[in-house]
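Line by line, the protein sequences give chains H and Y. Here this note's numbering is used: position 41 in the first sequence is 41, and no number is missing along the way. Here this note's numbering is used: position 194 in the second sequence is 194, and no number is missing along the way. Just so it is clear, CB atoms sit at the ideal spot from N, CA and C, and this is done for glycine as well. Please read these numbers as outputs of a predicted model, since none were measured by experiment. Working notes, beginning with the structure itself.
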Amino acid sequence: MSILVFAESAKGKIKKAGFEATYFGHLTAQSIGGDVISVVIGDTTNAKDLGKYGATKVIQVADQRSFDSGIYASILAQLATENGATTIIVNHSSSGKSLGGRLAVKMAAGLVSGVNSVPVMDGASMRVKKPVFSGKAIAECEITSINKVLTLMGNAFPPLEVGGPISVEDSKVDCGSSVYKVTETKTVDGVVPLPEAELVVSAGRGMKGPENWGIIEELAQALGATTACSRPVADTGWRPHHEHVGQTGVAVRPNLYIAIGISGAIQHLAGVNSSKTIVVINKDPEAPFFKAADYGVCADLFDVVPALTLAIKKYKTNA
Amino acid sequence: MNLLVCISKTPETTARIAFKDGNSSFDTDGVQFIMNPYDEWYALVRALELKEQHGGKVITINVGDTSNDPMIRKSLAIGADEAVRIDADANSSFFVAKQIAEYAKANDINIIFTGKETIDYNSAEVGGMVAEMLDLPYFSFVSKMEHDGDKAIVTRDIEGGVEVAEISGKFVLSAAKGLAEQRIPNMRGIMMAKRKPLAVIPAIEAEGNVKVNKYELPPEKAGITMIEANDMDRLVKLLNEEAKVI
Numbered sequence: 001m002s003i004l005v006f007a008e009s010a011k012g013k014i015k016k017a018g019f020e021a022t023y024f025g026h027l028t029a030q031s032i033g034g035d036v037i038s039v040v041i042g043d044t045t046n047a048k049d050l051g052k053y054g055a056t057k058v059i060q061v062a063d064q065r066s067f068d069s070g071i072y073a074s075i076l077a078q079l080a081t082e083n084g085a086t087t088i089i090v091n092h093s094s095s096g097k098s099l100g101g102r103l104a105v106k107m108a109a110g111l112v113s114g115v116n117s118v119p120v121m122d123g124a125s126m127r128v129k130k131p132v133f134s135g136k137a138i139a140e141c142e143i144t145s146i147n148k149v150l151t152l153m154g155n156a157f158p159p160l161e162v163g164g165p166i167s168v169e170d171s172k173v174d175c176g177s178s179v180y181k182v183t184e185t186k187t188v189d190g191v192v193p194l195p196e197a198e199l200v201v202s203a204g205r206g207m208k209g210p211e212n213w214g215i216i217e218e219l220a221q222a223l224g225a226t227t228a229c230s231r232p233v234a235d236t237g238w239r240p241h242h243e244h245v246g247q248t249g250v251a252v253r254p255n256l257y258i259a260i261g262i263s264g265a266i267q268h269l270a271g272v273n274s275s276k277t278i279v280v281i282n283k284d285p286e287a288p289f290f291k292a293a294d295y296g297v298c299a300d301l302f303d304v305v306p307a308l309t310l311a312i313k314k315y316k317t318n319a
Numbered sequence: 001m002n003l004l005v006c007i008s009k010t011p012e013t014t015a016r017i018a019f020k021d022g023n024s025s026f027d028t029d030g031v032q033f034i035m036n037p038y039d040e041w042y043a044l045v046r047a048l049e050l051k052e053q054h055g056g057k058v059i060t061i062n063v064g065d066t067s068n069d070p071m072i073r074k075s076l077a078i079g080a081d082e083a084v085r086i087d088a089d090a091n092s093s094f095f096v097a098k099q100i101a102e103y104a105k106a107n108d109i110n111i112i113f114t115g116k117e118t119i120d121y122n123s124a125e126v127g128g129m130v131a132e133m134l135d136l137p138y139f140s141f142v143s144k145m146e147h148d149g150d151k152a153i154v155t156r157d158i159e160g161g162v163e164v165a166e167i168s169g170k171f172v173l174s175a176a177k178g179l180a181e182q183r184i185p186n187m188r189g190i191m192m193a194k195r196k197p198l199a200v201i202p203a204i205e206a207e208g209n210v211k212v213n214k215y216e217l218p219p220e221k222a223g224i225t226m227i228e229a230n231d232m233d234r235l236v237k238l239l240n241e242e243a244k245v246i
């Protein structure tokens with residue numbers, strides 16, 4: 001009845017998502033019992049740190065190839081069987097989402113995707129919650145099969161240290177071979193990717209033009225936040241598409257989302273309404289976004305944003 | 001090339017979300033249903049473009065009852081050559097995936113397209129399940145895909161970037177923004193759609209092992225605190241002490 005966690009890594013390091021999934025494995029173990037086995041695929045330098053977040057065993061599979069959901073699912077399923085794990089946890093990330101369905105089929109497991117609650121057992125069934133309708137409701141799901149697969153919503157359980165580093169076991173599990181080859185991986189360095197960001201500064205058409213984005217970047221920099229934008233801004237080419245937050249773009253769930261000059265169309269809200277705290281800066285008092293916000297400033301953004309940047313800098317200097 | 005596009009029916013984006021029967025089921029009263037936008041705008045349109053380039057046919061597939069037919073006809077009006085409806089209640093991802101996989105197996109499909117997720121359950125499960133059932137490679141969140149008739153160059157979105165892969169042979173993908181541009185059906189398309197084949201076939205048995213017991217609405221926001229434009233120090237203080245986010 002152990003719990004197997006896939007701890008994601010990139011460029012030789014465990015990602016924050018990997019610690020998050022492991023910590024969620026720890027919380028799950030406290031609720032339903034069992035050990036927490038974290039699996040790392042590829043060589044990393046800090047897999048031992050998974051012990052700090054609750055892993056009772058860490059297995060590293062030496063595999064230098066790029067992500068292939070078929071191969072990764074096969075590795076995880078083999079290790080689950082070898083270690084008597086019946087609950088598998090992956091992140092609700094780009095990799096995790098492509099693993100969830102495969103693992104469910106491979107292991108005849110019930111799958112709940114994007115969970116944001118610690119599961120509980122009810123007899124032989126597992127109950128766990130997930131947001132549905134783009135965050136407008138929460139569903140309580142029941143998994144009735146013996147094997148269970150959960151994909152964990154990002155930023156739902158910030159990882160806390162509950163132990164110390166532990167030794168890493170190498171696994172010689174058979175990896176099989178990929179039928180396609182990855183030719184290129186392009187990622188932006190030095191910036192927290194939007195789906196993982198805890199602080200997001202986002203701006204919309206109220207900015208009037210791309211040449212005015214300097215104040216947004218300065219605010220983001222002062223906060224250590226990632227920049228984002230609304231759909232019209234991305235569609236007109238003012239900002240790159242990967243910054244587009246909303247229903248068709250990236251869904252974010254940061255601790256803080258600052259919306260500047262964005263009216264708050266329902267499609268935009270669908271991508272941001274899981275944010276813990278929302279600040280809206282807009283000069284239109286009728287902007288629908290104010291209804292979804294925790295804090296609001298109804299004034300000209302060209303006055304407010306530089307003032308907010310100054311206030312943040314002052315706070316950071318004194319803190 | 002035979003291209004299979006999975007289309008799902010979802011409540012329209014602005015639909016009021018409410019529940020009935022002791023919060024155990026979605027209240028569809030007064031709700032408008034549409035084709036899931038990722039399926040319609042990106043998956044279907046990219047499949048049509050590939051067909052226009054290389055020949056072959058585009059088939060749309062849906063699991064549902066006769067009330068889904070207008071949506072399925074819309075996929076034909078946009079340009080699909082034929083459609084299949086599996087006559088059953090789409091009650092779980094596993095059940096739906098099983099129907100699609102069985103159809104694809106029997107019909108020599110080269111590429112299976114799904115949307116990146118449906119806008120109701122946001123699960124992103126069916127594509128991976130179909131790929132596993134058919135033992136095919138799966139690319140999720142594909143924002144670009146070029147095909148020269150032999151091999152495809154597939155670009156998928158990953159956190160903070162993209163990954164590009166090269167593949168010959170069959171595969172499954174889930175479509176994200178960027179893959180294609182939405183097409184609006186024209187009158188000629190709508191007229192032609194009426195004469196295109198829509199096959200209704202019985203479901204094969206498959207038992208899902210997840211069910212939704214009940215729904216709840218998220219906790220209400222406490223209400224908004226308005227802050228004067230000349231008092232950003234107060235906003236910073238509130239973010240730090242009250243919201244505890246900085």
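- In this structure, Ala-17 of chain H keeps its C-beta atom at 8 Å or more from the C-beta atom of Ser-74 of chain H.
- The Cβ-Cβ distance between Glu-163 of chain Y and Thr-185 of chain H falls below 8 Å.
- Assigned with DSSP and collapsed to three states, Val-154 of chain Y falls in strand.
- Cys-229 of chain H has a beta carbon lying at 8 Å or more from every beta carbon in chain Y.
- If you draw a straight line from the Cα of Ser-92 of chain Y to the Cα of Ser-38 of chain H, it comes to about 29 Å.
- Bridge partners of Met-133 of chain Y according to DSSP: none are assigned.
- Below the 9 Å Cβ cutoff, chain H contributes Val-132, Phe-133, Ser-134 as neighbours of Asp-120 of chain Y, in chain order.
- Ile-112 of chain Y and Leu-173 of chain Y have their C-alpha atoms roughly 6 Å apart.
- As DSSP reads the structure, Cys-141 of chain H sits in a beta bridge with H:Val-128, Y:Val-212.
- Contact holds between the segment 255-262 of chain H and the segment 195-212 of chain H, because three or more Cβ pairs, one in each stretch, are under 8 Å apart.
- Proximity of Ile-227 of chain Y to chain H, defined by a Cβ-Cβ separation below 8 Å, is satisfied.
- Under DSSP, Phe-289 of chain H takes part in no beta bridge, so it has no partner.
- For the 8 Å CB-CB criterion, Ile-109 of chain Y and Asn-2 of chain Y form a contact.
- With respect to chain H, the C-beta atom of Asn-110 of chain Y has no partner C-beta closer than 8 Å.
- Under the three-state reduction of DSSP, Asn-240 of chain Y is assigned to helix.
- By the CB criterion at 8 Å, Val-179 of chain H and Gly-127 of chain Y fall outside the cutoff.
- Between Val-112 of chain H and chain Y, the shortest Cβ-Cβ separation is below 8 Å.
- Look at Pro-195 of chain H: its C-beta is under 8 Å from a C-beta on chain Y.
- The Cβ-Cβ distance between Gly-135 of chain H and Asn-273 of chain H falls below 8 Å.
- The CB of Thr-14 of chain Y comes closer than 8 Å to the CB of Ile-266 in chain H, given here in chain order.
- Within the segment 4-35 of chain Y, Thr-13, Thr-14, Ile-17 place their CB atoms closer than 7 Å to a CB of chain H, listed in sequence order.
- Between Ala-80 of chain Y and Thr-66 of chain Y, the gap from beta carbon to beta carbon reaches 8 Å or more.
- For Ser-140 of chain Y, at least one C-beta of chain H is nearer than 8 Å to its own C-beta.
- The C-alpha of Gln-32 of chain Y lies about 23 Å from the C-alpha of Arg-231 of chain H.
- Taking the CA atoms as reference points, Gly-214 of chain H sits about 14 Å from Thr-226 of chain H.
- Our two residues, Glu-166 of chain Y and Ala-10 of chain H, have alpha carbons roughly 21 Å apart in a direct line.
- Around Ile-138 of chain H, the beta-carbon contacts reaching into chain Y at under 9 Å are Tyr-215, Glu-216, Leu-217, Pro-218.
- With a threshold of 8 Å between beta carbons, Glu-211 of chain H makes no contact with chain Y.
- Comparing alpha carbon positions, the residue from H:Ala-319, H:Phe-19, H:Leu-310 closest to Gly-163 of chain H is H:Phe-19.
- Counting the other Cβ atoms within 10 Å of the Cβ of Asn-122 of chain Y gives 16 or more, which makes it buried.
- Lys-106 of chain H sits buried, since 16 or more C-beta atoms from the chains shown fall within 10 Å of its C-beta.
- The C-alpha of Ala-265 of chain H lies about 7 Å from the C-alpha of Pro-288 of chain H.
- What Leu-238 of chain Y touches in chain H, judged by beta-carbon distance under 8 Å, is Tyr-295, going in chain order.
- Burial state of Asp-49 of chain H is buried, judged by a 10 Å Cβ sphere holding 16 or more other Cβ atoms.
- Nearest CB-CB separation between Leu-173 of chain Y and chain H: not below the 8 Å threshold.
- Just measuring C-alpha positions, the residue of H:Pro-165, H:Gln-78, H:Asp-122 sitting nearest Thr-22 of chain H is H:Pro-165.
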